[in-house]
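Visitor: What follows is a single structure, and I will ask about it in a moment.
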Amino acid sequence: MRAAGALGTLLRSAGPASGRDLRAWHSGAVAPLAVKRRVGVTALAAGAGCTTVALELATLFATRRAGGARLVLAQGPGTPRSARLETPGLEVVTLAREAWPADTAAWRAAQDRLAPPVDLTITDWGATPANRLRDLADHSHAMCVVTKADRASIQEAFDVATALAVRVRIVLIAVDRAGSAGRATRFVLEALPLPAVLIEHDRVRARGVDRALAAPSLYRAAATVIEALAAPTETTPAAHAVTPAPGTHETTPAAGATETLPTRRRRRARTTGRAGDFQAGDGEPEEGR
């Protein structure tokens, strides 16, 4: 009944999304997983919406999925408080302020003190220094790289996501906090050779409440995360330049780009990844982590 009620609410808030898409996203978000999984949520810069995405995903998983969900707040000083942290079924763990940036030892110690494990653990790492991202990837089964929804930010996030994808499954999430993303932004994200989602800002919900993400795009992001967790391990896509949609005025590729994007690419390409500042490696994190 709870799932049916959620789907009805989702359909009523659909906007331009089709009923078929909404049902698929809802089904994907609640699809069972064979084993317990950990998802890291990080950003390259403050203000991208990382904490909001982590909180909304954890809340959705806690209220819509069987097996429970845990939200680990590991983003260091200035942890924002929210009434949604009191959501029934959502276990919240806050790391000490000194356990930052990206202190995976403190994260593991906190996990070891908690029992029993839950179905999904979502960790909000906040804006993380680039030299710590590999450690986060090694402690996650999937990573959400959150970015602002402008072309330059998407390009930067994609470059980092490509480097991390040799170690962990990646979902790139662009948050349209300004409400200005249009067809060109969607074209850019759809063309990326890894899973990428645009999450829209809901101005009505944002007035006087802390929930500011539009439900349809949030469900799409949740379904994409579950799909990534369930997918077999594959290698990273090659580096690409983020190319604007046809007919737009942005035509200059980002600095250092080696290749432009086609209109559509396979979501997971079996190619050699660009390691950047990260060392290429394979292997899944241990189940006991």
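Just so we're aligned, residue 4 is where the sequence shown starts under the numbering used here, counting upward by one. C-beta: ideal position from N, C-alpha, C; glycine also.
Between the Cα of Thr124 and the Cα atoms of Ala217, Ala27, Leu36, Tyr222, which residue gives the shortest distance?
Guide: For the purposes of this step, residue 124 is identified with residue 121 of the sequence shown, where counting begins at 1. Minimum Cα distance to Thr124 is reached at Leu36.
Visitor: How far does the alpha helix (DSSP H) with Arg186 in it reach, from first residue to last?
Guide: Here residue 186 refers to the residue found at position 183 when the sequence shown is read from its first residue. Run containing Arg186: 186–194, per the alpha helix (DSSP H) assignment.
Visitor: Tell me where the alpha helix (DSSP H) around Gly22 begins and ends.
Guide: As a working note, residue 22 is residue 19 in the sequence shown. Where Gly22 is concerned, the enclosing alpha helix (DSSP H) stretches over 22–33.
Visitor: Does the beta-carbon of Gly259 have 16 or more other beta-carbons within 10 angstroms, so that it is buried, or is it exposed?
Guide: As a working note, residue 259 is residue 256 in the sequence shown. Bear in mind that the predicted position of Gly259 carries a pLDDT of just 40, short of 50, making it unreliable; the figure below should be weighed with that in mind. It is exposed - the Cβ of Gly259 has fewer than 16 other Cβ atoms within 10 Å.
Visitor: In this structure, what does DSSP give as the bridge partners for Lys151?
Guide: Within the sequence shown, numbered from 1, the residue matching residue 151 stands at position 148. Answer by DSSP bridge pairing, in chain order: Val178.
Visitor: Under the three-state reduction of DSSP, which class applies to Ala234: helix, strand or coil?
Guide: The residue you call residue 234 lines up with position 231 of the sequence shown. Note: Ala234 maps to coil in three-state DSSP.
Visitor: Below 8 angstroms, how does it come out for the stretch 148–161 and the stretch 51–60: are there three or more Cβ pairs, yes or no?
Guide: Contact holds: three or more Cβ-Cβ distances are below 8 angstroms.
Visitor: Out of Asp122, Pro91, Val75, Ala118, point me to the one whose CA is closest to Thr107's CA.
Guide: In the sequence shown, residue 107 corresponds to position 104, counting from 1. Among Asp122, Pro91, Val75, Ala118, the Cα nearest to that of Thr107 belongs to Val75.
Visitor: Along the alpha helix (DSSP H) that carries Glu59, what are the first and last residues, could you check?
Guide: If you number the sequence shown from 1, residue 59 lands on position 56. Where Glu59 is concerned, the enclosing alpha helix (DSSP H) stretches over 53–67.
Visitor: Please return the same chain residues whose Cβ sits closer than 7 angstroms to the Cβ of Pro201, not counting the five positions on each side in sequence.
Guide: On the sequence shown, position 198 is the one that residue 201 refers to. Checking the sequence, you will find Leu at residue 201 rather than Pro. Closer than 7 angstroms at the Cβ level, and outside the excluded window around Leu201, lie Ala152, Ala177, Asp179, Ala184, Thr188, Arg189, Leu192, Ser220.
Visitor: Under 8 angstroms Cβ to Cβ from Ala231, same chain only, skipping five residues before and after it: list those, please.
Guide: In the sequence shown, the residue the question calls residue 231 occupies position 228. Within the same chain, Ala231 has close Cβ partners Ala145, Arg172, Ile173, Val174, Pro198.
Visitor: Can you check which of these residues, Val228, Trp110, Thr227, Ala217, is closest to Ala77 by C-alpha distance?
Guide: The residue labelled residue 77 in the question sits at position 74 within the sequence shown. Ranking Val228, Trp110, Thr227, Ala217 by Cα distance to Ala77 puts Trp110 first.
Visitor: What do you reckon, are the CB atoms on Val121 and Gly71 nearer than 8 angstroms?
Guide: As a first step, residue 121 is located in the sequence shown; it is residue number 118 there, counting from the start. As a first step, residue 71 is located in the sequence shown; it is residue number 68 there, counting from the start. Yes.
Visitor: Give the single residue among Ala233, Leu136, Ala218 whose Cα lies nearest to the Cα of His29.
Guide: Taking the sequence shown and counting its residues from 1, the one referred to as residue 29 is at position 26. That would be Ala218, whose Cα lies nearest to the Cα of His29.
Visitor: How long is the line joining the alpha carbons of Ala118 and Glu94, rounded to whole angstroms?
Guide: Within the sequence shown, the letter at position 115 stands for residue 118. Within the sequence shown, the letter at position 91 stands for residue 94. Approximately 11 angstroms, taken between the alpha carbons.
Visitor: Bridge partners for Asp127 per DSSP, in chain order?
Guide: Taking the sequence shown and counting its residues from 1, one reaches residue 127 at position 124. Answer by DSSP bridge pairing, in chain order: Val44, Leu76.
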